[in-house]
Amino acid sequence: MVHRIEVGFKPSVRDAWGEKVKGKMWDDFHCRVDRVQRIDVYTLDMVLSFDELKRIAEGPFVDPIIQHYAIDKPLARDFDWIIEIGFRPGVTDNVGRTSREALALVLGKTPQDEEKVYTSKQCIIQGDLSRKEVETISTGLLANELIERFTIVHKSEWDPSRGIDIPVPRVKENNLSGEVAEVDLNVTDEELMEISQKGVLALNLNEMKALQNYIRDETVTNKRREVGLGERLTDVEIEALAQTWSEHCKHKIFNGIIHYQDEEGTERVIESLFDTFIRASTEKIRADLPEDWCLSVFVDNAGVIAFNRDYSLVFKVETHNSPSALDPYGGALTGIVGVNRDPFGTGKGSKLIFNTDVFCFASPFYSDPLPPRLLHPKRIYEGVREGVEHGGNKSGIPTVNGSIVFDDRFLGKPLVYCGTGGIMPRMLGGKPSHTKNISPGDFIVMTGGRIGKDGIHGATFSSEELHEDSPATAVQIGDPITQKRMTDFLLHARDAHLYDCITDNGAGGLSSSVGEMAEKSGGCELHLEKAPLKYTGLKPWEILLSEAQERMTLAVSPQKINAFLALAEKMNVEATVLGTFTDSGMFHVLYDGRTVACLDMTFFHQGVPPLTMEARWKVPQHEEPHFDSPRDLTPSLQKMLARLNICSKESVIRQYDHEVQGGSVVKPLVGVCDDGPSDAAVIRPLLESMEGVVVSHGICPRYGDIDTYHMMACAIDEALRNYCAVGGNPNHVAGIDNFCWCDPIASDKNPDGEYKLAQLVRANMALYDYTTCFAVPCISGKDSMKNDYRIGDKKISIPPTVLFSVMGKVDDIRKAVTMDVKQPGDVIYMLGTTYDQLGGSEYYASLGWVGNGVPTVDGPRAKGLYQALNRAMNLELVASCHDCSDGGLGVALAESAFAGGLGVAVDLRKVPAEGIARDDTLFYSESASRFIVTVSPSNKEAFHDTMKGHTIAEIGSVVADSTFTVVGLQGTAVVKADSNELRDVWKRTLAF
Amino acid sequence: MKTKAIVISGNGTNCEMEMAYACELGGFDQVDIVHISELLYGEKKLNDYHFLNLPGGFLDGDDLGSAKANANRIKHAVINNTGELLFDHFLQFIQQGGLILGVCNGFQLMVKLGLLPGFDQEYTVQRATLTFNDSGRFEDRWVYLKINEASPCVFTRGIEKIYLPVRHGEGKFVVENEGVLKKLHSHAQIVMRYTRTDYKEATGDYPFNPNGSVDAIAGVCDESGRMFGMMPHPEGYLHYSNHPRWTRERLPEEGAGVSIFRNAARYVRHTLL
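From first to last, the protein sequence lines stand for chains A and B.
If you want the working numbering, it's the 1-based position in the first sequence plus 50.
If you want the working numbering, it's the 1-based position in the second sequence plus 52.
Take a look at the structure:
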């Protein structure tokens, strides 16, 4: 029996959701309607009496002060159109899950497994729209057809006694449970590739042949016969291998062999980008550190560094690009709650203390026709924003740092970077917390959510470009509350020393988590039929590969298992023993006692043949821009401040809780009106201590159009610059590299693959050069290599993009500095030299140019400057400090001025510069390693002393009113503006 | 005898740590963060405490409306092996004279349980609610609050005005009917209201009133002044470095939020020990 309870606001109550949707209908679709209202629908798939339904409705479902309801009849009246939107079968329905728990409490009985609650919402429209318009609104605004279905009803079709007949989104049962298929790999190469493509395995011919050779080996087949398998691989084995060997998990491009040819034709063979540039730089830095504060790098889900003697810090940044392209909300939500599990699953587990997020989108004002299957960038922007909002806020983790980069090449795939930091005591149960131990005989325990078909093929899917058949099941919706309950429980279990090893279930699900953990003991025996499922009908390979969210896998010793399971039960978290870790050397998987997979651990993890790739660098030549420097820079300054990459992101930032946990020190928005853009975040993770954590990042994909070497150098410099601008200690800071690339493997479809691979090589070379120079070790990182869109003839590739995030320490947060100017009369200093480096700048971009003179980084000079600036800050000589990045000196100066609610008077002739004869170049050049600093006149002398030997110059002063005056190289005013007006321009662009 | 505070956690709370720290700074001798399962297993008892804290968060994800599902849980959940309802323990705690503070999601919970406004000591009937902000969005921003010094609220004694962060999407206070609003005013149960930066007149203007609350209500207490709920986060301002403009202004070392907890500790020491 199916019942419906419909809940809506009483007519007198303001419907904020309805008003928002009404606004968007006009803004985005030019559909004017009189009124929009929302009705929440609960579909209860269970037998209930009317009295029970009434108790459920009046209990948890309805707020009697503002809502009314109807049982098994419609609530809507007086409308023109109804759109009802609900999930497709199998899609995570968080509200449905909460509803089911709530009604169980009301009725005092637990529903049967198959008795579910499904939720949907009705959008009730009063307004004269055509069916076509209603359909456009449904698909373009309200429903994402990949995960949701919708029904449209016009008032003329409406039967008020019956309402809408909506199908119940039950997952169709089938009788395939336990079914295992076998795949014959004794076939031609062509057939091998067909198997790979049809199965979304994303394996190339070499890799398919490696599987073929494995199964042809007689010692292998003999061993297989002992456990009841034969000469064919099972689908469980093939899927597990494809996942483990995926680009996403094995980083085959970063670990492959590259023949790199530079612009002069000199060749260099690089055995592995990762080993050669990333791992090697960290090793060198660690060897040179007076005291090595790196505790765990590259070996775990996240990197670990020391915070102080008693605590360590954990940090990881991930991307969730492909899922966010298909379902921005679910993709981003899963991105954030997914990366949460990385620091949580590092060592023995850390408590999560901050989130960061960086997005790359096409312009939300994009107005050309959209290629098929792509969502409009504004929809992606809002969906991703909301996903991160829900993921972060509901998990109680402050979102402290981030940015949004706009470039229309992100139309094909948005980039969604999500990062999370954690803190843990350095010792737990007498062992270093950043280590993991597993002994043969320990139980494999899965805890948290249940397994469904969600996210199957996520790892292999994200290793491919976005194409016509990109699987819908690759998308999942995270459930922050199930995860919060689980993490609450696991922190209790950790502190009671009830487990020895923990890791998360992300890409590849159990196959990946158990597979990786089994390396520590030397094997495993996993019984899939024991895994708790959301619904029946999953095949063994689906159970093994499912990427259903909110799950951790643990190793629990036989002595502790009872206590562990009892605590889980008490804290209302599901925990299930799925098998044992062994030292058999085999990844052994069973279903109902029958072996469904048995793979050699060495082959499983190391059998993937290395890729060999060609890379050829050619210096791109862009047309050299030619135009006159404007006499008056005021209009260009206004135009720059309004640009998407520079303008205020306050409307997004305010919707994230950046203060929960009580340790907020430097917020994302600072200054007299709380709206100035902070360079970096400072938080105090231990409330009784004044030691702080500093988080910032650098990202500058535009420079990659000229040379990715300098793009990488500038990203590292920018991250550090931001970090130092708030007072971060330059001697205790670690980095995380996140590469997002377009396909760098040359093929017929991808003719410039060799160039893109050369770009990747060059970025890695810069990573080595600059991390070692600055002594900022990378402690973890990730790459996402197939950020292309291809449907029909249309191909859109993202610009190669690296996000470089840093996390470090400030010894005393009371000495932190913000970017807003403080007092009239304070002296304004420019730190660092300005060069003619407008190539790839926002200024050139605003005029339609790219140019060639990209900013370069003088590492040793920058390092000295950052050290000196840090000393000045420790002596409390600096009133404000703001880094110069997008838009250069001009934009930084304007931001500092209006954030402080004051004006400035500055003379460009005093700015330290080389080779610049134009005001606009001086004002907007994006040369690296520069800051605008203000200093109280009483500290001037001490500041000069501290900065001795470094490039600094007094360029003007802060003035009491809001006049913003800049004198140019000719000695006449080139900017005359009002800083409040500049603020208004800066705040207008994205104020929606 | 020790002054004892309990902070209930679990199912989506997320401010328990700083709320517990605020209790310590306020002067409580013993502060325990207790997971709700420990109450349901009878391992911890509300009666052993003087001050009950309901911290902010997203109880059950606010999936059925803010704090709604957890209000349902507290009303129906049974303490293991006793047959006693958890909610009855809440009511006994109130009868024994204990203090309750609900912040943000905790305030929403108190209102939806009926603990507030709790007219005539009837703590089980919902008379008001907290619903979606007029802006339709969650927002993190600081607000200026004027305290009603005529209010019986024990938490705000001696405080005239206070500057605190709000971080919510459902903070709009709405009453069942005009009668409820009148009664709230006449009993001086409206403890704090949103104002402009001068802390003078209550305001309906966004963003000073961040959610569109009726009469700019930010916090209410019961007639005894011992039950208090507020949308702003006093535990979000425990040190001057939490203040959004601490690098520009001279501020006392201690954040203004501590005073709320100090009043609670003082009351417990003078009245309950």
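For every residue, glycine included, the Cβ atom is placed at its ideal position computed from N, Cα and C.
Under the DSSP definition of a beta bridge, which residues are partnered with residue i?
i, result
"residue 273/B", "280/B"
"residue 364/A", "354/A and 472/A"
"residue 442/A", "Looking at the DSSP assignment, residue 442/A forms no beta bridge with any residue, so it has no partner."
"residue 59/A", "117/A"
"residue 311/A", "317/A and 666/A"
"residue 405/A", "449/A and 470/A"
"residue 561/A", "The partner list for residue 561/A (beta bridge, DSSP) is empty, contrary to what the question assumes."
"residue 838/A", "847/A"
"residue 84/B", "58/B"
"residue 237/B", "Residue 237/B pairs with nothing; no bridge assigned."
"residue 230/B", "DSSP, once it has assigned bridges, lists no residue as partnering residue 230/B."
"residue 1046/A", "Residue coverage of chain A in this structure runs from 51 to 1042, which leaves residue 1046/A outside it and unanswerable."
"residue 305/B", "BP columns for residue 305/B are empty, so no partner."
"residue 200/A", "135/A"
With a cut-off of 8 Å on the beta carbons, I'd call residue i and residue j a contact; round off their distance for me.
i, j, result
"residue 622/A", "residue 780/A", "The pair is not a contact, with the Cβ atoms about 46 Å apart (cut-off 8 Å)."
"residue 191/B", "residue 704/A", "5 Å"
"residue 562/A", "residue 293/A", "6 Å"
"residue 434/A", "residue 464/A", "7 Å"
"residue 690/A", "residue 940/A", "7 Å"
"residue 324/A", "residue 305/A", "6 Å"
Determine the contact status of residue i and residue j, defining contact as a CB-CB distance below 8 Å.
i, j, result
"residue 405/A", "residue 718/A", "no"
"residue 1027/A", "residue 1014/A", "yes"
"residue 445/A", "residue 390/A", "yes"
"residue 813/A", "residue 666/A", "no"
"residue 145/B", "residue 98/B", "yes"
"residue 476/A", "residue 361/A", "yes"
"residue 533/A", "residue 598/A", "no"
"residue 558/A", "residue 588/A", "no"
"residue 83/A", "residue 177/A", "yes"
"residue 692/A", "residue 1036/A", "yes"
"residue 155/B", "residue 68/B", "no"
"residue 393/A", "residue 714/A", "no"
"residue 860/A", "residue 770/A", "no"
"residue 631/A", "residue 494/A", "yes"
"residue 398/A", "residue 552/A", "yes"
"residue 647/A", "residue 271/A", "no"
"residue 854/A", "residue 747/A", "yes"
"residue 890/A", "residue 696/A", "no"
Any Cβ of chain E within less than 8 Å of the Cβ of residue i?
i, result
"residue 145/B", "The question asks about chain E, but that chain is absent: this structure's protein chains are A and B."
> Using a beta-carbon distance cut-off of less than 7 Å, what residues from the region 209-230 of chain B approach chain A?
Replying inline: 217, 219, 226 and 228
>> Give me the subset of the region 281-299 of chain B whose CB atoms are less than 9 Å from a CB atom of chain A, sorted by chain position.
In response: Flagged, chain order: 285, 287, 288, 289, 290, 291, 292, 293, 294, 296, 297, 298 and 299.
>> I'd like the ranges of any beta strand (DSSP E) spanning at least 3 consecutive residues and lying wholly in the region 691-732 of chain A.
In response: 714-716
> Of all the residues that make up the region 163-181 of chain B, which are near chain A by a beta-carbon distance shorter than 8 Å?
Replying inline: For the region 163-181 of chain B, the beta-carbon criterion of a distance under 8 Å to any beta-carbon of chain A is satisfied by 164, 178, 179, 180 and 181.
> Of all the residues that make up the region 96-128 of chain A, which are near chain B by a beta-carbon distance shorter than 7 Å?
Replying inline: 109, 110, 111, 113, 114, 115 and 116
>> Please give me, in chain order, every unbroken run of the beta strand (DSSP E) with length at least 3 that falls completely inside the region 126-208 of chain B.
In response: 151-155, 180-183 and 191-199
> If you measure beta-carbon to beta-carbon, which residues of the region 133-150 of chain A are closer than 7 Å to chain B?
Replying inline: 144, 145, 148 and 149
>> Taking beta-carbon pairs under 7 Å, can you tell me which members of the region 109-142 of chain B lie near chain A?
In response: 109, 110, 112, 113, 115, 116, 117, 120, 121, 124, 125, 128 and 129
>> Just to confirm the assignment: which complete alpha helix (DSSP H) runs, minimum length 4, are found wholly within the region 269-345 of chain A?
In response: 285-294, 297-300, 302-305 and 330-338
> Mind pulling the alpha helix (DSSP H) runs of 4 or more residues that sit fully within the region 120-186 of chain A?
Replying inline: Unbroken alpha helix (DSSP H) stretches of 4 residues or longer found wholly inside the region 120-186 of chain A: 144-157, given in chain order.
>> Closer than 8 Å between beta carbons: that is the criterion. Which residues of the region 534-551 of chain A meet it against chain B?
In response: 534, 535, 538 and 542
>> Under 7 Å, CB to CB, which of the residues in the region 84-105 of chain B have a partner in chain A?
In response: 87, 89 and 93
> Any residues in the region 620-640 of chain A with a beta carbon nearer than 9 Å to a beta carbon of chain B? Which ones, in chain order?
Replying inline: 620, 621 and 622
>> Tell me which residues of the region 855-867 of chain A have at least one Cβ-Cβ distance to chain B shorter than 9 Å, keeping chain order.
In response: So the list reads 863, 864, 866 and 867, given in the order they occur along the chain.
> What residues from the region 697-720 of chain A come within 9 Å of chain B, judged by C-beta to C-beta, listed N to C?
Replying inline: Of all residues in the region 697-720 of chain A, 701, 703, 704, 705, 706, 707, 708, 709, 710, 711, 712, 713, 714, 715, 716, 717, 719 and 720 have a Cβ within less than 9 Å of some Cβ in chain B.
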